[in-house]
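Chemist: In our numbering, the protein residues as written are 38 to 246.
Note that beta-carbon positions come from the ideal geometry of N, C-alpha and C, so glycine has one too.
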Amino acid sequence: MKKISLLFIFLIVFINAQKLTKSEISLINQGDINTALPIYQTTDSHQHTTLLNVSTEIDPKDPTTATLVKRMKESLLSTDGGVGIAAPQVGINRKVIWVQRFDKQGEPLEYFLNPVITWRSELQNLGPEGDLSIPEFRDQFYRSKVIQLEYVDLKGQKFSEMVEGFTAVIFQHEIDHLFGILISDKKKKEENDEYLKVDAFKKSDAVGR
Numbered sequence: 038m039k040k041i042s043l044l045f046i047f048l049i050v051f052i053n054a055q056k057l058t059k060s061e062i063s064l065i066n067q068g069d070i071n072t073a074l075p076i077y078q079t080t081d082s083h084q085h086t087t088l089l090n091v092s093t094e095i096d097p098k099d100p101t102t103a104t105l106v107k108r109m110k111e112s113l114l115s116t117d118g119g120v121g122i123a124a125p126q127v128g129i130n131r132k133v134i135w136v137q138r139f140d141k142q143g144e145p146l147e148y149f150l151n152p153v154i155t156w157r158s159e160l161q162n163l164g165p166e167g168d169l170s171i172p173e174f175r176d177q178f179y180r181s182k183v184i185q186l187e188y189v190d191l192k193g194q195k196f197s198e199m200v201e202g203f204t205a206v207i208f209q210h211e212i213d214h215l216f217g218i219l220i221s222d223k224k225k226k227e228e229n230d231e232y233l234k235v236d237a238f239k240k241s242d243a244v245g246r
């Protein structure tokens, strides 16, 4: 009986944790829902704090989640060559990302809810990265060449897939955002790491994410 009670409490806490707050709903619905949300910048102290916060899961079936997904895509399309964006970059600390799929025909943009990297290859690539939230910042970073990804869509359906190459780099970059990790802070943490270098990047690698 005690185990059932604890499980019930955990379930309630989990469901409540997914619910968007009033302030989040207000921000998502502010202005025309068919337009881009402003992209947060590290040059603004309040926005920088939001970018450093850890994101929580989101309810995929909440109608406001669909609005956030739509507006995030508009935000990404409003940039000059951006290939990915995470919800913290539009002021919402929730696990939502958009990624351009260079590994698929037509290189489509796709959204991912509550994405989790469940496995990373030891083999790493070294390549340039920028960030839509960090003006004029570019540097070289190591990323796993192959990852296994799990996520859900707006219907709550679960998916799992292997991703490699430049697209895997974008996923790792955007999921870092969900943990409050910025590439401007990441460099120092990599200084003592050693990886096998493999050049597997596209010529467009240096665009912002």
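Hey, would you say E198 sits closer than 9 Å to L215, going by beta carbons?
Modeler: No, the Cβ-Cβ distance between E198 and L215 is not below 9 Å.
Chemist: Could you please give me the residues that DSSP links to Y148 through a beta bridge?
Modeler: DSSP lists W135 as partners of Y148.
Chemist: Tell me the DSSP secondary structure of K56 in three-state form.
Modeler: If DSSP states are grouped into helix, strand and coil, K56 belongs with coil.
Chemist: Under 8 Å by Cβ, that's how I've got I65 and T104 pegged, so tell me the actual separation to the nearest angstrom.
Modeler: I65 to T104, Cβ: 6 Å. Contact.
Chemist: Which of the three DSSP states, helix, strand or coil, is assigned to V106?
Modeler: Helix.
Chemist: Need the endpoints of the beta strand (DSSP E) that I122 sits in, please.
Modeler: G121 to A123 is the extent of the beta strand (DSSP E) around I122.
Chemist: Which of the three DSSP states, helix, strand or coil, is assigned to Q78?
Modeler: Coil, per DSSP.
Chemist: Among L163, K110 and G167, which has the Cα closest to the Cα of N71?
Modeler: Closest by alpha carbon: K110.
Chemist: Per the DSSP calculation, D176 is bridged to which residue(s)?
Modeler: In DSSP, D176 forms a bridge with E166.
Chemist: Determine, using beta-carbon pairs with one atom in the stretch 173 to 184 and one in the stretch 204 to 213, whether at least three such pairs fall under 8 Å.
Modeler: Touching, yes.
Chemist: Hey, how far is the Cα of T102 from the Cα of E144?
Modeler: If you take the alpha carbons of T102 and E144, they lie about 24 Å apart.
Chemist: On the three-state DSSP scale, how would you describe T72?
Modeler: Note: T72 maps to coil in three-state DSSP.
Chemist: Bridge partners of I154, per DSSP?
Modeler: I154 pairs with L186.
Chemist: Since G121 contacts I134 with CB under 8 Å, what's their CB separation in whole angstroms?
Modeler: The Cβ separation is near 7 Å, so the contact holds.
Chemist: For the beta strand (DSSP E) containing E201, name the first residue and the last one.
Modeler: First-last of the beta strand (DSSP E) with E201: K195 to E201.
Chemist: Could you tell me which of A124, D81, D190 and K59 sits nearest to V91, measuring between CA atoms?
Modeler: Comparing Cα positions, the closest option is A124.
Chemist: Hey, how far is the Cα of V22 from the Cα of Y148?
Modeler: Because the chain here runs from 38 to 246, residue 22 falls outside it and cannot be looked at.
Chemist: Cα-Cα, which of Q126, K132, G68 and A73 is closest to K107?
Modeler: Checked all of Q126, K132, G68 and A73; the closest Cα to K107 is A73.
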